[in-house]
Amino acid sequence: MSLSSEHQGGLRPSTLLNDTRYRGLTFQFLALLAIIALMAWLGANLVGNLAAAGLNFGYGFLDEPAGYDINQALISYTSRDTHLRAAFVGVLNTLLVAVLGCIAATIIGVVAGILRLSKNWLVARLMSAYVEAFRNVPVLIWILIIGAVVTVSGANPREFLGEEAARGLLFGGFAFTNRGLYIPALSLGPGAGIVIAAALAGLVGAILWRRAVPRTLHATGRLLPSWPLWVILIAPGLLANLILSDALTLSMPDTMSNRFNIQGGLLIGKPLVALWLALSVYTGAFIAENVRAGILSVSQGQTEAAAALGLRPRRIMNLVILPQALRVIVPPVISQYLNLTKNSSLAIAVGYADLTATLGGITLNQTGRAIECVLLLMLFYLVISLAISGVMNFYNASVALKER
Amino acid sequence: MADTHAESVAYVRDGFLPERPAPARETGVVGWLRQNLFSSVPYTILTLATLWVIWQLGAAILPWLWGGVWHVDSIRACREVLEGAAGGCFAVLTERWAQLLFGFSYPSGEYWRLGVAFVLLGVCLAPVLFPDLPRRLLIATLIYPFVAYWLIWGGTPLAAVSGLAGLAGGAAAFRTVASRGALLGGIAGLAALLAIWWIGGELAAAAPGFLALPPVASRNIGGFALNMILGTVCVSLSLPFGILLALGRQSRLPIIKIACIAFIEFIRGVPLITLLFVANVVLAYFLPPGTTFDLILRVVIMITMFASAYIAEVIRGGLAALPRGQYEAADALGLDYWQAVRLVILPQALKISIPGIVNVAVGLFKDTTLVSIISMFDVVGMIRGPILASTEWNGVYWELYGFAALLFFVTCYGISQYSQWLERRLATDTR
Numbered sequence: 001m002s003l004s005s006e007h008q009g010g011l012r013p014s015t016l017l018n019d020t021r022y023r024g025l026t027f028q029f030l031a032l033l034a035i036i037a038l039m040a041w042l043g044a045n046l047v048g049n050l051a052a053a054g055l056n057f058g059y060g061f062l063d064e065p066a067g068y069d070i071n072q073a074l075i076s077y078t079s080r081d082t083h084l085r086a087a088f089v090g091v092l093n094t095l096l097v098a099v100l101g102c103i104a105a106t107i108i109g110v111v112a113g114i115l116r117l118s119k120n121w122l123v124a125r126l127m128s129a130y131v132e133a134f135r136n137v138p139v140l141i142w143i144l145i146i147g148a149v150v151t152v153s154g155a156n157p158r159e160f161l162g163e164e165a166a167r168g169l170l171f172g173g174f175a176f177t178n179r180g181l182y183i184p185a186l187s188l189g190p191g192a193g194i195v196i197a198a199a200l201a202g203l204v205g206a207i208l209w210r211r212a213v214p215r216t217l218h219a220t221g222r223l224l225p226s227w228p229l230w231v232i233l234i235a236p237g238l239l240a241n242l243i244l245s246d247a248l249t250l251s252m253p254d255t256m257s258n259r260f261n262i263q264g265g266l267l268i269g270k271p272l273v274a275l276w277l278a279l280s281v282y283t284g285a286f287i288a289e290n291v292r293a294g295i296l297s298v299s300q301g302q303t304e305a306a307a308a309l310g311l312r313p314r315r316i317m318n319l320v321i322l323p324q325a326l327r328v329i330v331p332p333v334i335s336q337y338l339n340l341t342k343n344s345s346l347a348i349a350v351g352y353a354d355l356t357a358t359l360g361g362i363t364l365n366q367t368g369r370a371i372e373c374v375l376l377l378m379l380f381y382l383v384i385s386l387a388i389s390g391v392m393n394f395y396n397a398s399v400a401l402k403e404r
Numbered sequence: 405m406a407d408t409h410a411e412s413v414a415y416v417r418d419g420f421l422p423e424r425p426a427p428a429r430e431t432g433v434v435g436w437l438r439q440n441l442f443s444s445v446p447y448t449i450l451t452l453a454t455l456w457v458i459w460q461l462g463a464a465i466l467p468w469l470w471g472g473v474w475h476v477d478s479i480r481a482c483r484e485v486l487e488g489a490a491g492g493c494f495a496v497l498t499e500r501w502a503q504l505l506f507g508f509s510y511p512s513g514e515y516w517r518l519g520v521a522f523v524l525l526g527v528c529l530a531p532v533l534f535p536d537l538p539r540r541l542l543i544a545t546l547i548y549p550f551v552a553y554w555l556i557w558g559g560t561p562l563a564a565v566s567g568l569a570g571l572a573g574g575a576a577a578f579r580t581v582a583s584r585g586a587l588l589g590g591i592a593g594l595a596a597l598l599a600i601w602w603i604g605g606e607l608a609a610a611a612p613g614f615l616a617l618p619p620v621a622s623r624n625i626g627g628f629a630l631n632m633i634l635g636t637v638c639v640s641l642s643l644p645f646g647i648l649l650a651l652g653r654q655s656r657l658p659i660i661k662i663a664c665i666a667f668i669e670f671i672r673g674v675p676l677i678t679l680l681f682v683a684n685v686v687l688a689y690f691l692p693p694g695t696t697f698d699l700i701l702r703v704v705i706m707i708t709m710f711a712s713a714y715i716a717e718v719i720r721g722g723l724a725a726l727p728r729g730q731y732e733a734a735d736a737l738g739l740d741y742w743q744a745v746r747l748v749i750l751p752q753a754l755k756i757s758i759p760g761i762v763n764v765a766v767g768l769f770k771d772t773t774l775v776s777i778i779s780m781f782d783v784v785g786m787i788r789g790p791i792l793a794s795t796e797w798n799g800v801y802w803e804l805y806g807f808a809a810l811l812f813f814v815t816c817y818g819i820s821q822y823s824q825w826l827e828r829r830l831a832t833d834t835r
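Going line by line, the protein sequences match chains A and B.
Numbering follows our numbering, with no gaps: position 44 of the first sequence is 44.
When you read off a place in the second sequence, starting at 1, and then add 404, the result is the number in our numbering.
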């Protein structure tokens, strides 16, 4: 009693430190003061330094003409366009290589991860060697090595030309030349919008069908067949394209009309090929490890229990093993996607014009606006990584074990 | 049983047959091959495909390794020796060996210092790495950073000695005063530390030639030594910061928690290369006018921040994996926060986090190659810059990149093997 009255009597400085009720508040207050002081000090230095250098912080320079060329752009771009447009070209290029890389890395990683668990000794060893070789060597060195491989390889385009070409197009549509990789281009005719809409409708229908299967199973006990899924997915787009007489066509690289170079098709530059290949093979090794760990995490008892219930091997895989393994596999794989996106900032090493090379490279060097450029660059990657972790949290919440 | 059927069964065997060896096709090399490589038609196809891949790789790489040229002085001389035959031009490695390891402007008479520092690193890390060695050897680990600083950068050892003495004096002051209160002890320790450092600084300034090694500027350090320095320094510095950040993120004090979360998520959200850009071109704007510190120090600061955020996340995982009962038991014993953290929580949380910390360390060591992009001459920077740009060696890609890859592979593979060994050793709960 006397103790509390003493406290009410007067708040001595030592009370703030020793009384557990106030100590937390005191420390937080001190921490806040320290943070504010640090920020103020850095800010004051910044203002002083900028004034001394005669610079003023601002993004006006983004409207000035960039004055440099970009070898591969998804949107039309010339050197007379602004720095802002150059940065936007960089953003699209980053996203392009990130998406392509994620797809390829997933395929490589899943195949390598499963093969590493194979009972075939030789295959398992080869895959271990692949995983260890790529995981233990810096990605920059792999980008440089694969960049060098891609630079020296590729045939002269003339070898593909003419009636009696020395080389044929791979699958009738792909040619790797010393200018880059030629692939078929998608050309949109009149009515292409309808075809795309029909294809999307097919996708929605397929999703609905997939949801309907377990619902009917639980409601009526009748198991619907799975083949209509593929019909619903593919048929609308295909039919619409047939009816509209090929509104969407693939235009193949043309080796006949010109005597010097391949015409038509889509040319993917060597830097993109090199970066894409390097990032996907490197990240694939990490994904392979995640896949392997995920599959191993499902205990043998689960397979045996499912077999005891009378499920067939395919259903055991689909209904018992995969859902449990995916819960373990997907979160680390998503963070590998994030790593791949961040590693794509090394594009500068092979001369691919991603955002780090345009905004953080040439624009920064030309305008000298270091702070503004680096801030924008960080902001872009932050947004991407927040978006990806948002997806991951959503997934984790949706597959979380529903406990009591 | 046997006698009930004695009249119906003509003959009942009453002894074992001698064991026969397993069929030849199921044992030995043949059996192993059948089981592991050719057990079914798809596996056989897979095996043959793999053999084909290995054959292709071997046919490309082995003659190149075997027919390599080791002692000429330029790529043209290499081509003349090879005369079109397959073979690598490894002469670039022997000729530029010192540059690849130490950079191109470290004084060549002083290479031994980096060599000694590297060997000592192995010796002084051993007591940390192998728990069986006597604990007293940890003193060597404690002294090592100061010795290494003196060896690598040169100058008088007084600065390094006073740095060490300051830490020792500070710790001693803290020990003596801490019984009167941790805060008082902290203040006393800090005062002692600063006083000794100040005296040491004055001494070093007064006698710059005392036992001095020729000083070497940071920008003259390069090659694989730079990767090693950056990797070791940043990993060791980021451990304490990472622990503090992880504790801060778990703290019940909202302001500290928010500050830690913001820092960690920001750093983890941006690529390392942007942080290196900050070190290279932006950091100078945030420091008082006229401060110049060298690029290595700026890079060390940024990489340490980067690594701390990742290590903090790993340790947070370890903290979260501890059962709630451990925290409550520490509280029940009457330990205060720091005692509980030091004696109960961290020893267990760190043990759980070891594999993750090693992963971060390996990743960070690999990422030190990124400094070549802001034109520092680490091993990759040396290859891309001075060596490939020279007229003698322009065009020797595979040998150089292969060598760099090999250096990193040996180091990183070694570290991960060690971590697996340590994990097995520390597994006290499962026997």
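Backbone N, C-alpha and C fix where the C-beta goes; we use that ideal spot for every residue, glycine too.
Contact note: C638(B) does not reach chain A at a C-beta cutoff of 9 Å; the least C-beta distance is about 15 Å. The beta carbon of Q263(A) lies closer than 6 Å to those of D254 and S257 in the same chain, with the five residues before and after it left out. Annotated three-state conformation of T177(A) is strand, per DSSP. Counting along the chain, no alpha helix (DSSP H) covers L169(A), and no H or E run does either.
In the DSSP secondary-structure assignment, P65(A) is bridged to T82(A).
Inclusion of P531(B) and L541(B) in the CB contact set at 9 Å is warranted, their separation being smaller than that value.
Contact with chain A is found for N440(B), since one of that chain's Cβ atoms lies less than 9 Å from the residue's Cβ.
By a beta-carbon distance limit of 8 Å, T341(A) does not contact F61(A). Their separation comes to about 26 Å. Residue environment: D735(B) is assigned as exposed (fewer than 16 neighbouring CB atoms within 10 Å of its CB, all protein chains considered). Within the stretch 239-326 of chain A, the runs of alpha helix (DSSP H) at least 4 residues long that lie entirely inside it are, in chain order, 270-297 and 300-308.
Between A105(A) and chain B, the shortest Cβ-Cβ separation is not below 9 Å. Beta-bridge partners assigned by DSSP to I183(A): L266(A). The beta carbon of C816(B) falls within 9 Å of a beta carbon belonging to chain A, placing the residue at that interface. The beta carbon of A400(A) lies closer than 8 Å to none in the same chain, with the five residues before and after it left out. DSSP, read as helix, strand or coil, puts L617(B) in strand. With a 10 Å radius around the Cβ and a threshold of 16 neighbouring Cβ atoms, N93(A) comes out buried.
Put simply, the stretch 83-99 of chain A touches the stretch 350-358 of chain A. At least three CB pairs are less than 8 Å apart.
In this structure, L634(B) places its C-beta atom within 9 Å of the C-beta atom of I700(B). An exposed status is given to V814(B), since fewer than 16 other beta-carbon atoms sit within 10 Å of its beta-carbon. A check of alpha carbon separations from S245(A) across V110(A), A192(A) and V152(A) identifies A192(A) as the nearest.
Only residues of its own chain outside the window of five on either side were considered, and among them C102 and I388 have a CB closer than 7 Å to the CB of Y337(A), listed in chain order. Distance from the Cα of I295(A) is smallest, within the candidate group L115(A), I371(A), G202(A) and L122(A), for L115(A). For the stretch 357-381 of chain A, the beta-carbon criterion of a distance under 7 Å to any beta-carbon of chain B is satisfied by G360, A370, I371, V374, L377, M378 and Y381. Straight-line spacing of the CA atoms in L267(A) and G173(A) works out to 12 Å. Judged by their CB atoms, G154(A) and N120(A) are not nearer to each other than the 9 Å cut-off. Under the 9 Å criterion on CB atoms, L272(A) is classed as non-interfacial with respect to chain B. For the C-beta of F681(B), the chain A residues within less than 7 Å are, from N- to C-terminus, G360 and V374. Chain B has no Cβ within less than 9 Å of the Cβ of P332(A).
Where G721(B) is concerned, the enclosing alpha helix (DSSP H) starts and stops at L699 to A725. For V476(B), no alpha helix (DSSP H) run applies, since DSSP gives it neither H nor E. The C-alpha of L30(A) is placed about 33 Å away from the C-alpha of E606(B).
Chain A has no Cβ within less than 9 Å of the Cβ of P425(B). With fewer than 16 other beta carbons inside 10 angstroms of its own, A307(A) counts as exposed.
Scanning chain B for C-beta atoms nearer than 8 Å to the C-beta of W227(A) yields nothing, as the closest lies near 25 Å away. Chain order gives no chain A residues near R483(B), where near means a beta carbon separation below 8 Å; the closest approach is about 15 Å. In this structure, A716(B) keeps its C-beta atom at 9 Å or more from the C-beta atom of R656(B).
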